[in-house]
Each structure stands twice: as structure tokens, then as C-alpha cells.
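Structure first, then comments.
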Amino acid sequence: MTHVEHARLAELALGGEASAEHDAALRHIARCVACRQELARITRVVTTASAVSVSDLPTVPPDRIWERIRQELSDAEEASHRPAGEVGPPGPD
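Structural data, given as C-alpha cells:
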């Protein structure tokens, strides 16, 4: 049995225009559990994505966050090069 192509399922989930190909896909989906489940998954994604607003989109972290990440990575790298038992940079003698 030939299953409905993923692109066709996406078109159906997006509410694409009716056509003979869509009708044939819908008939197959009515009989095929796997295609019906995949259409349901894609439809959930479309529904969720349609509800996203600008305020839901990620924003660029402020420079202070990137600086802290750089500092922590630098500290971790320095610590990995210290001899065992040494805690920090050598102090004044």
C-alpha cells in the first residue's frame, strides 16, 4: 500500500485547496492508521505554530550574558590546565 506523501499531509494540515489528489489522499487516510496519525501530528504542529505571536519568539540575550558565558568557559579552561591540588592562580610569594 502506498502511503500519502509527507508533503501532501502537510498541505492537508494547512488546509490546502480541495482537488482530486486531496480527495484520494483523504480516502487513503480514512483507511490507514499510520497516515491518519501522521496527519494528526502535523495538524497539531500547524495549530500550535499558528498560535505563536511575536512575543513568543526568542530574543537575543544581552551582551552581559555572553560575557558571563565567555568568562565561565575561560575559567573552566584555566582550571583544566592547573596542576592537581592547585585551586586558583598562584598568589604573591
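Quick note on numbering: the working numbering labels position 25 of the sequence shown as 36, and the sequence is numbered without any gaps. Note that beta-carbon positions come from the ideal geometry of N, C-alpha and C, so glycine has one too.
- A distance of 8 Å or more separates the beta carbons of Leu20 and His33.
- Looking only at Ala87, Arg81 and Gly26, the smallest Cα-Cα distance to Ala51 is reached by Gly26.
- Between Ile53 and Arg47, the C-beta gap is not smaller than 8 Å, which leaves the two residues out of contact.
- When secondary structure is reduced to three states using DSSP, Ala62 falls in the coil class, being assigned neither helix nor strand.
- Annotation for His33: the continuous alpha helix (DSSP H) segment containing it runs Ala31 to Arg42.
- In this structure, His14 lies near Cys43, with their beta-carbon atoms less than 8 Å apart.
- When DSSP states are grouped into helix, strand and coil, Thr70 belongs to the coil group.
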